[in-house]
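Some notes on the structure that comes next.
There are 2 protein chains.
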Amino acid sequence: MTLVQPSDSEPGKAGSAIAFQLDPASGVPTFLQLVQQVEHALRLGYLTTGDQLPKVRDVVADLAINPNTVMKAYRELEHKGLASGRPGQGTFVTGTLSQAGLPEIAGLRRALQRWLVDSANAGLDEDGMVALFSSTLRDFRERGAAAESRAARSAPREVGGGVA
Amino acid sequence: MTLVQPSDSEPGKAGSAIAFQLDPASGVPTFLQLVQQVEHALRLGYLTTGDQLPKVRDVVADLAINPNTVMKAYRELEHKGLASGRPGQGTFVTGTLSQAGLPEIAGLRRALQRWLVDSANAGLDEDGMVALFSSTLRDFRERGAAAESRAARSAPREVGGGVA
DNA sequence: ACCGTTGTACTATGACACTAGTACAACCGA
DNA sequence: TCGGTTGTACTAGTGTCATAGTACAACGGT
Chain A
1 MTLVQPSDSE
11 PGKAGSAIAF
21 QLDPASGVPT
31 FLQLVQQVEH
41 ALRLGYLTTG
51 DQLPKVRDVV
61 ADLAINPNTV
71 MKAYRELEHK
81 GLASGRPGQG
91 TFVTGTLSQA
101 GLPEIAGLRR
111 ALQRWLVDSA
121 NAGLDEDGMV
131 ALFSSTLRDF
141 RERGAAAESR
151 AARSAPREVG
161 GGVA
Chain B
1001 MTLVQPSDSE
1011 PGKAGSAIAF
1021 QLDPASGVPT
1031 FLQLVQQVEH
1041 ALRLGYLTTG
1051 DQLPKVRDVV
1061 ADLAINPNTV
1071 MKAYRELEHK
1081 GLASGRPGQG
1091 TFVTGTLSQA
1101 GLPEIAGLRR
1111 ALQRWLVDSA
1121 NAGLDEDGMV
1131 ALFSSTLRDF
1141 RERGAAAESR
1151 AARSAPREVG
1161 GGVA
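Quick mapping for you: the protein sequence lines, in order, are chains A and B.
Heads up, the first sequence is in this note's numbering, so the first residue is 1 and it goes up one at a time.
Heads up, the second sequence is in this note's numbering, so the first residue is 1001 and it goes up one at a time.
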């Protein structure tokens, strides 16, 4: 034991740290799940420059995975310019991905919560909701692409999706 | 050349066949993406007993993947009792997963479409929408679990997620 | 200066996903 | 019955993911 006593919101953690969570059934590689969760938090503004990510050894203990796996995730984030490790201190966010304002996101989130409740009331389970979201999003993407190809005769546009 | 001429809706395909689509960036194994897409279509009632799945060789040609990979997906579906291969004919749906009525789903889908439009108007890109959905769903799951653990003192319940 | 914390590097090993290539089996229609 | 279509089986090889285990480097506080 040292000086830190574990609790729900551990002391010594700067900013709002996120809590990683794994979904073994998803088929997504562990290290990628970590990367994606950080990116999601960055997109939604739940994490910003200066915030600390969970310490490698903490993640290892919480998720029962190998340090190398956590390192692979953090290295990927560093490579994308989103985080940086500081030996002796921790790993910290160095970039951001937020695109919409926090209030807008909060509103969208509430609307989505209502939709989830409606879905549950309609008899859908969680997998069903995911299925419907995936399907609707795919449609949305295709419609958008179709609309663009209709309008882009003279204004070609890049559609690449990297984080750059 | 044989008798079939490729077009947008190929002749010779019974029922409503689904069109597979891969997302290389997702990290999800190819064969699992195929399985999940069929399961999603089954959940939403877009595919039902008797419908034909894309022929192995068609999938191979369309997605530029190996027959073994498609077979792995179809074998998994067969193992779950959802599909069955008939040499010389194709692979057909043998089970269903739909839980809510088609009209309910259509309504939920429209609501979700509106939400996607709103999100786009708020400045969110597709990744942002996925991020917000994932985050909100995770909350939803935790809230539900909390509500259950509050009410389930005397009525324990299974939460397993398999397709059985 | 020392010690503990934290990030980082390295090798080796097992499991899994995907591929290439070949061959065979079941079914349908002419 | 024959030929084409389709599903299926098999082997072998490659790359990635995750693991265990060990060791080192950078930083802060006392």
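Don't be surprised by glycine CBs; every beta carbon is placed ideally from N, CA and C.
Residue 28 of chain A: not part of any alpha helix (DSSP H); DSSP gives it neither H nor E. The C-beta of residue 17 of chain A has 16 or more other C-beta atoms within 10 Å across all chains shown, which makes the residue buried. For the stretch 1054–1085 of chain B, no residue has a beta-carbon sitting nearer than 8 Å to a beta-carbon of chain A. Here residue 44 of chain A has 98, 105 as same chain residues with Cβ atoms under 8 Å from its own Cβ, once five neighbours each way along the sequence are excluded. Here residue 48 of chain A really is in contact with residue 93 of chain A; their C-beta atoms are around 6 Å apart, less than 8 Å. Between residue 1022 of chain B and residue 1033 of chain B, the CB-CB gap stays under 8 Å. The beta carbon of residue 18 of chain A sits no closer than 8 Å to any beta carbon of chain B. Per the coordinates, the alpha-carbon of residue 1102 of chain B lies some 10 Å from the alpha-carbon of residue 122 of chain A. Across the structure, residue 141 of chain A and residue 1114 of chain B are spaced so that their CA atoms are roughly 14 Å apart. At least 8 Å separates the beta-carbon of residue 79 of chain A from that of residue 1131 of chain B.
Judged by beta-carbon spacing, residue 52 of chain A lies within the 8 Å limit of residue 90 of chain A, meaning their Cβ atoms are closer than that value. Along the length of the stretch 72–107 of chain A, whole alpha helix (DSSP H) runs at least 4 residues long do not occur. Within chain B, 1115, 1132, 1133, 1136 have C-beta atoms less than 7 Å from the C-beta of residue 112 of chain A, given in sequence order. Distances from the CA of residue 1072 of chain B to each of B:1029, B:1135, B:1127, B:1086 were compared; the closest alpha carbon is that of B:1029.
In the structure shown, residue 21 of chain A falls within a coil segment according to DSSP collapsed to helix, strand and coil. Each of B:1126, B:1037, B:1136 was checked against the Cα of residue 143 of chain A, and the nearest Cα belongs to B:1126. The beta-bridge partner set that DSSP reports for residue 52 of chain A consists of A:92.
Chain-ordered, the chain A residues with CB closer than 9 Å to the CB of residue 1123 of chain B read 99, 100, 101, 104. Per the coordinates, the alpha-carbon of residue 1058 of chain B lies some 10 Å from the alpha-carbon of residue 1065 of chain B.
Between the alpha carbons of residue 1133 of chain B and residue 1062 of chain B lies a distance of about 30 Å. When C-alpha distances from residue 138 of chain A are compared across B:1129, B:1085, B:1135, the shortest belongs to B:1129. Within its own chain, the residues whose Cβ lies closer than 8 Å to the Cβ of residue 31 of chain A, once the five positions on either side in sequence are excluded, are 69, 70, 72, 73, 76, listed in chain order. Cβ-Cβ separation between residue 112 of chain A and residue 1100 of chain B: approximately 18 Å, too far for a contact (criterion under 8 Å).
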